[in-house]
Amino acid sequence: MTSPLPLRWFTFAAPSRFYALSGALLPWLWTVTVGLAVAGLYIGFFVAPSDATQGQAYRVIFIHVPAAWVGMVLYLAMAFWAAVGWAFNARLASMVARAIAPTGALFTFVALWTGAFWGRPTWGTWWVWDARLTSTLVLLFLYLGFIALVEAIDDTRRADHAGALLALIGAVNVPIIYFSVRWWSTLHQGATISATSAPKMASIMLTAMLLMTFAFWAYAFAVVFARTRAIVLERERDTEWVAALSQGKKSTA
Amino acid sequence: MHQWASASEFFAMGGYALYVWGAYGVTAIALVLEPVWTARRHQRALAAAAQRDTRLAGGLARER
């Protein structure tokens, strides 16, 4: 029964431990989400001035850019955890990957939707088949394809493995989205923020956008943890700890 | 608070009300509904686990 010390780390990957730990974290994550969103929206709507060329329409940026970032990075996170779940036979990692997919799809949808509502007044069109928009639409379809694939296969672990393969192949789309505005001539503007140059926007607008980005990240962590907890219960319902948990809930109710 | 002279000016968004509120409104609805649906899924999973547990306990009692 003596396990080698380096393997101890994996005890935190036990679904029962994750369930308890994430349950304690959730109220804090939701509090942080609301706090950051209120601060970001206040600065975005009441402190930041109107844009010289776009007037008030530019205020869509405070949700559009954060949603697009979160939608892209969540895909990489989903592919990473799906691969970990496949390569190391780690069940919790596969559950996290499945929990990320709907949230990633939602943020990608929000990025497309807010983009349409920003493009109409500034470009004169809701939609155009250019590289940035089309590759983002492909991202949405990759999320939906992942969800459809894992839901279509009855054997849970086989479904996880098939999903991991799809997620890994689809990951090539993320750098395509990111660099699309550089590789192809596109209607979409270039990067507002980059590691190599100063931001191309006023610092008060940047502050609002970054606050909304952190708010969306806190939201994403909270809702992904919450969904993972539901998936853990669904998959582990035959275990003693879930039985003890449901008994406890009944006696307190 | 210096950006808007009145509430109606705020809601008019300089003539871009449809686009700004159309973007923010749908985003807000989506980000409120998702946690609600997730919480419901969690409740269903808990209820299913409890139900299964009760059946199991009933079965064991009958065996005795």
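Protein sequences, first through last, are from chains V and L. Counted the way the working numbering counts, the first sequence spans residues -18 to 234. Counted the way the working numbering counts, the second sequence spans residues -16 to 47. Glycine is no exception: its CB is placed at the ideal position from the N, C-alpha and C atoms. Computed from a prediction, not measured in an experiment: that's the story for all the values here.
According to DSSP, is Asp141(V) part of a helix, a strand, or is it coil?
Residue mapping note: residue 141(V) aligns to position 160 of the first sequence, counting from 1. In the structure shown, Asp141(V) falls within a helical segment according to DSSP collapsed to helix, strand and coil.
Contact set between the stretch 2 to 23 of chain L and chain V, restricted to residues whose Cβ is under 8 Å from the partner:
Listed in sequence order: Tyr2, Val3, Gly5, Ala6, Tyr7, Val9, Thr10, Ala13, Leu14, Glu17, Pro18, Thr21, Ala22.
Have a look at Trp249(V) and Leu57(V) and give me their C-alpha separation to the nearest angstrom.
A question about residue 249(V) goes unanswered here, because the residues of chain V that appear run from -18 up to 234.
Please return the same chain residues whose Cβ sits closer than 6 Å to the Cβ of Arg113(V), not counting the five positions on each side in sequence.
For the purposes of this step, residue 113(V) is identified with residue 132 of the first sequence, where counting begins at 1. If we look at Arg113(V) and ignore the five residues flanking it on each side, its Cβ neighbours are Ser161, Val162, Thr167, His169.
Could you check what DSSP says for Gly36(V) in three-state terms: helix, strand or coil?
Locating residue 36(V) in the first sequence gives position 55, where the first residue counts as 1. Under the three-state reduction of DSSP output, Gly36(V) falls in the strand class.
At the level of alpha carbons, what is the spacing between Ala234(V) and Gln228(V)?
On the first sequence, residue 234(V) is found 253 positions in, with the first residue counted as 1. On the first sequence, residue 228(V) is found 247 positions in, with the first residue counted as 1. In this prediction, Ala234(V) scores a pLDDT of 44, lower than 50, which makes its location untrustworthy; no coordinate-derived value is stated.
Below-8 Å beta-carbon distance, Ala(-12)(L) vs any chain V residue
Position 5 of the second sequence holds residue -12(L). No - not a single Cβ of chain V is within 8 Å of the one on Ala(-12)(L).
When DSSP labels each residue in this structure, what does Val109(V) get in the three-state scheme?
As a first step, residue 109(V) is located in the first sequence; it is residue number 128 there, counting from the start. The three-state secondary structure of Val109(V), taken from DSSP, is coil.
Among the candidates Trp(-13)(L), Tyr2(L), Gly(-2)(L), whose CA atom is the shortest distance from the CA of Trp99(V)?
Taking the first sequence and counting its residues from 1, the one referred to as residue 99(V) is at position 118. Proximity to Trp99(V) across Trp(-13)(L), Tyr2(L), Gly(-2)(L) peaks at Tyr2(L), based on C-alpha coordinates.
Quick check: Leu55(V) and Thr14(V), are their CB atoms within less than 8 Å of each other?
Residue mapping note: residue 55(V) aligns to position 74 of the first sequence, counting from 1. Residue mapping note: residue 14(V) aligns to position 33 of the first sequence, counting from 1. Not closer than 8 Å, so no.
Using only the alpha-carbon positions, how far apart do Phe127(V) and Ala92(V) sit?
Here residue 127(V) refers to the residue found at position 146 of the first sequence. Here residue 92(V) refers to the residue found at position 111 of the first sequence. Per the coordinates, the alpha-carbon of Phe127(V) lies some 19 Å from the alpha-carbon of Ala92(V).
Could you check what DSSP says for Gln(-14)(L) in three-state terms: helix, strand or coil?
Counting from one through the second sequence, the residue named residue -14(L) turns up at place 3. Three-state DSSP puts Gln(-14)(L) in coil, outside helix and strand.
8 Å is my cut-off, CB to CB: does Ile81(V) come that close to chain L?
As a first step, residue 81(V) must be located in the first sequence, where it is residue number 100. False, the Cβ-Cβ gap to chain L never drops below 8 Å.
Endpoints, the alpha helix (DSSP H) within which Ile134(V) is located
Translated into the one-based positions of the first sequence, residue 134(V) becomes position 153. It is not in any alpha helix (DSSP H) - Ile134(V) carries neither H nor E in the DSSP assignment.
Cβ neighbours of Ala196(V) in the same chain (closer than 6 Å, five flanking residues each side left out):
Working through the first sequence from its first residue, we reach residue 196(V) at position 215. Contacts found: Thr14, Leu17, Ala18, Gly21.
Whose C-alpha, out of Val119(V), Ala74(V), Ile212(V), Phe(-1)(V), is nearest the C-alpha of Val153(V)?
Residue 153(V) sits at position 172 when you count from the first residue of the first sequence. For the options Val119(V), Ala74(V), Ile212(V), Phe(-1)(V), the alpha carbon positioned closest to that of Val153(V) is the one of Val119(V).
For Pro8(V), count neighbouring C-beta atoms within 10 Å of its own C-beta (all shown protein chains included) and say buried if the count is 16 or more, exposed if not.
Working through the first sequence from its first residue, we reach residue 8(V) at position 27. By the neighbour-count criterion, in which 16 or more other beta carbons inside 10 Å mark a residue as buried, Pro8(V) falls on the exposed side.
Where does His25(L) fall in DSSP's three states?
Taking the first residue of the second sequence as position 1, residue 25(L) is located at position 42. Here His25(L) sits in helix by DSSP.
Contacts of Val91(V) in chain L (Cβ-Cβ under 9 Å)
Within the first sequence, the letter at position 110 stands for residue 91(V). In chain order: Ala6, Val9, Thr10, Ala13, Leu14.
Which residue comes first and which comes last in the alpha helix (DSSP H) that contains Glu239(V)?
A question about residue 239(V) goes unanswered here, because the residues of chain V that appear run from -18 up to 234.
Using only alpha-carbon positions, find the residue among Ala211(V), Asp219(V), Glu217(V), Arg216(V) that is nearest to Arg19(L).
For this step, residue 19(L) is matched to residue 36 along the second sequence. First, the amino acid is wrong: residue 19(L) is Val here, not Arg. It is Ala211(V).
Considering only the alpha carbon of each residue, which of Phe90(V), Phe43(V), Gly66(V), Tyr159(V) lies closest to Leu146(V)?
Within the first sequence, the letter at position 165 stands for residue 146(V). If we check each option's Cα against that of Leu146(V), Gly66(V) comes out closest.
Limits of the alpha helix (DSSP H) - the one that Pro30(V) falls within:
Taking the first sequence and counting its residues from 1, the one referred to as residue 30(V) is at position 49. Counting along the chain, Pro30(V) sits inside no alpha helix (DSSP H), nor does DSSP assign it H or E at all.
Going by the beta-carbon positions, is the gap between Ala68(V) and Leu149(V) smaller than 8 Å?
If you number the first sequence from 1, residue 68(V) lands on position 87. If you number the first sequence from 1, residue 149(V) lands on position 168. No; because the gap between Cβ atoms is not below 8 Å, this pair is not in contact.
Please confirm if Ser227(V) has its CB atom under 8 Å from at least one CB of chain L.
As a first step, residue 227(V) must be located in the first sequence, where it is residue number 246. Taking Cβ atoms only, chain L reaches closer than 8 Å to Ser227(V), which makes this a yes.
Taking a contact to mean a Cβ-Cβ separation below 8 Å, would you say Leu6(V) touches Phe206(V) in this structure?
As a first step, residue 6(V) must be located in the first sequence, where it is residue number 25. As a first step, residue 206(V) must be located in the first sequence, where it is residue number 225. Result yes, Cβ atoms of Leu6(V) and Phe206(V) sit closer than 8 Å.
What separation, rounded to the nearest whole angstrom, lies between the Cα atoms of Val131(V) and Arg138(V)?
The sequence position of residue 131(V) within the first sequence is 150, counting from 1. The sequence position of residue 138(V) within the first sequence is 157, counting from 1. One C-alpha to the other measures close to 9 Å.
Work out the CA separation of Ala78(V) and Ala60(V) for me, nearest whole Å.
In the first sequence, counting from the first residue as 1, residue 60(V) sits at position 79. In the first sequence, counting from the first residue as 1, residue 78(V) sits at position 97. Counting only the Cα atoms, Ala78(V) lies some 7 Å from Ala60(V).
Return helix, strand or coil for Leu22(V), following the three-state DSSP convention.
Against the first sequence, residue 22(V) aligns to sequence position 41. Helix, per DSSP.
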